[in-house]
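What follows is a single structure, written as structure tokens, with notes after it.
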Ligand code: NAP
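In our numbering, the protein residues as written are 18 to 318.
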């Protein structure tokens, strides 16, 4: 039997529609949500990704400012721009796009994005808030995984969920979101030993390692639902996930495709977070330091 394919596209379309509706409602109040994307690289695939955000924003009616500082931008230049954007009232959401120029430390900069505009959950304050159950924007990719599982009614409460990868942008925030949904979460990384030790008994395996073909059919069982976050450009220029699709399709219960899986939902969520940020900023509702109500988590990630 072949695994069911859990496409991200229908869910992305639902979120895009929600963004359009929210933009319309904000416009009735005289508000025009704006996302700013700060770029400092000549990497062509990054520019392609940023243009895809710009196009999606244009379709949804969200303003999109690309601030391209060039591949030789310095840390003080980037810091200055992030401070300005954080203080600029017409900007509602900010993304600092990686990679950054050699020598520039991402972790020196992301803390300069004010949490109210941190729509991709890059500021350590956002991660800290998620960790203790306070309201914050989760990184859009991490939220995409949870939304896909919800959309396809894959239960996680009380289930064994393995997350492969522990980065601050995907693995860690994702494990926090899953914990908040009562999953029994195991986080694997490059030093955790053979993957099959953790994955063969798992109900859900999420792979976010950036290693093409890392998860194969022998790592999973016929009841495993596999979510592939990886995006790897192969030598022939094609895009592949972290899952060996041929063998996992023959073994697992379900699998998200690459492309057309997690990535397609991520962009729509970045825009949804931007309109949510615009609404909050317009009503002067800073992110509260109070316990998260479930329906607020749905709205803000
Ligand atoms: P990252 O910062 O490089 O982190 C990779 C993680 O995977 C690390 O925790 C690393 O362990 C772990 N890892 C590496 N090799 C491993 C192995 N052989 N076995 C087990 N764990 C291993 O990458 P990232 O930013 O989290 O991104 C991960 C992947 O997701 C990339 O392919 C990226 O392109 C993709 N991505 C996709 C989206 C989307 O929207 N679809 C968005 C963001 C990222 P250590 O910590 O021990 O080094």
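A virtual CB, placed ideally from N, CA and C, is assigned to each residue, including glycine.
As the structure is a prediction and not an experimental result, all values here were calculated from the model.
If you drop the 5 nearest sequence neighbours on each side, which residues of the same chain put their C-beta closer than 7 Å to that of residue i?
i: residue 250; result: 62, 256
i: residue 31; result: none
i: residue 204; result: 180, 183, 188, 192
Going by other Cβ atoms of all chains shown within 10 Å of its Cβ, with 16 needed for buried, is residue i buried or exposed?
i: residue 291; result: buried
i: residue 22; result: exposed
i: residue 318; result: Confidence at residue 318 is low in this model, with a pLDDT of 39, below 50, so the placement of that residue should be treated as unreliable; the coordinate-derived value is given next. The residue is buried, with at least 16 neighbouring Cβ atoms inside 10 Å.
i: residue 186; result: buried
i: residue 156; result: buried
i: residue 190; result: buried
i: residue 135; result: buried
i: residue 34; result: exposed
i: residue 194; result: buried
i: residue 175; result: exposed
i: residue 278; result: buried
i: residue 307; result: Any answer about residue 307 is weak, because its pLDDT of 39 lies below 50 and its placement is not dependable; what the coordinates show is given next. Burial call: exposed.
i: residue 146; result: buried
i: residue 296; result: buried
Could you check where the alpha helix (DSSP H) with residue i kicks off and where it finishes?
i: residue 72; result: 61 to 77
i: residue 123; result: 123 to 126
i: residue 283; result: 279 to 299
i: residue 263; result: 262 to 266
i: residue 30; result: 26 to 45
i: residue 144; result: 141 to 148
i: residue 188; result: 188 to 197
i: residue 214; result: 213 to 216
Look at the Cβ atom of residue i, then the Cβ atom of residue j, and state whether they are nearer than 9 Å.
i: residue 181; j: residue 142; result: no
i: residue 273; j: residue 244; result: yes
i: residue 25; j: residue 161; result: yes
i: residue 50; j: residue 140; result: no
i: residue 82; j: residue 129; result: no
i: residue 264; j: residue 235; result: yes
i: residue 69; j: residue 88; result: no
i: residue 275; j: residue 254; result: no
i: residue 173; j: residue 137; result: no
i: residue 86; j: residue 55; result: yes
i: residue 288; j: residue 153; result: no
i: residue 78; j: residue 40; result: yes
For residue i, which option in the options has the closest C-alpha, if you only look at C-alpha atoms?
i: residue 44; options: 168, 111, 199, 80; result: 80
i: residue 92; options: 106, 72, 125, 77; result: 125
i: residue 270; options: 218, 36, 147; result: 218
i: residue 201; options: 209, 208, 215; result: 215
i: residue 280; options: 19, 28, 18, 20; result: 28
i: residue 319; options: 39, 113, 57; result: Given a span of 18 to 318 for the chain in the structure shown, any question on residue 319 remains unanswerable.
i: residue 118; options: 242, 230, 226, 95; result: 95
i: residue 120; options: 167, 227, 207, 57; result: 57
i: residue 260; options: 282, 145, 233, 169; result: 233
i: residue 177; options: 147, 133, 145, 223; result: 223
i: residue 198; options: 169, 36, 150; result: 150
May I ask which residues mark the beginning and end of the beta strand (DSSP E) holding residue i?
i: residue 165; result: Here residue 165 belongs to no beta strand (DSSP E); instead the alpha helix (DSSP H) covers 157 to 168.
i: residue 90; result: Element bounds for residue 90: n/a, residue is neither H nor E.
i: residue 203; result: 201 to 205
i: residue 269; result: Premise fails: residue 269 is in no beta strand (DSSP E) and is neither H nor E.
i: residue 55; result: 51 to 56
Can you list, in chain order, the residues of its chain whose CB lies under 8 Å from that of residue i, leaving out five sequence neighbours each side?
i: residue 46; result: 299
i: residue 301; result: none
i: residue 286; result: 32, 157, 160, 161, 164, 318
i: residue 239; result: 18, 268, 269, 270
i: residue 283; result: 157, 158, 161
i: residue 228; result: 247, 249, 259
Comparing the CB of residue i with every heavy atom of ligand 2, is any distance shorter than 8 Å?
i: residue 212; result: This structure lacks ligand 2; its bound ligands are ligand 1.
Could you pull out every residue in the same chain whose Cβ sits closer than 6 Å to the Cβ of residue i, ignoring the five residues on either side in sequence?
i: residue 171; result: 242
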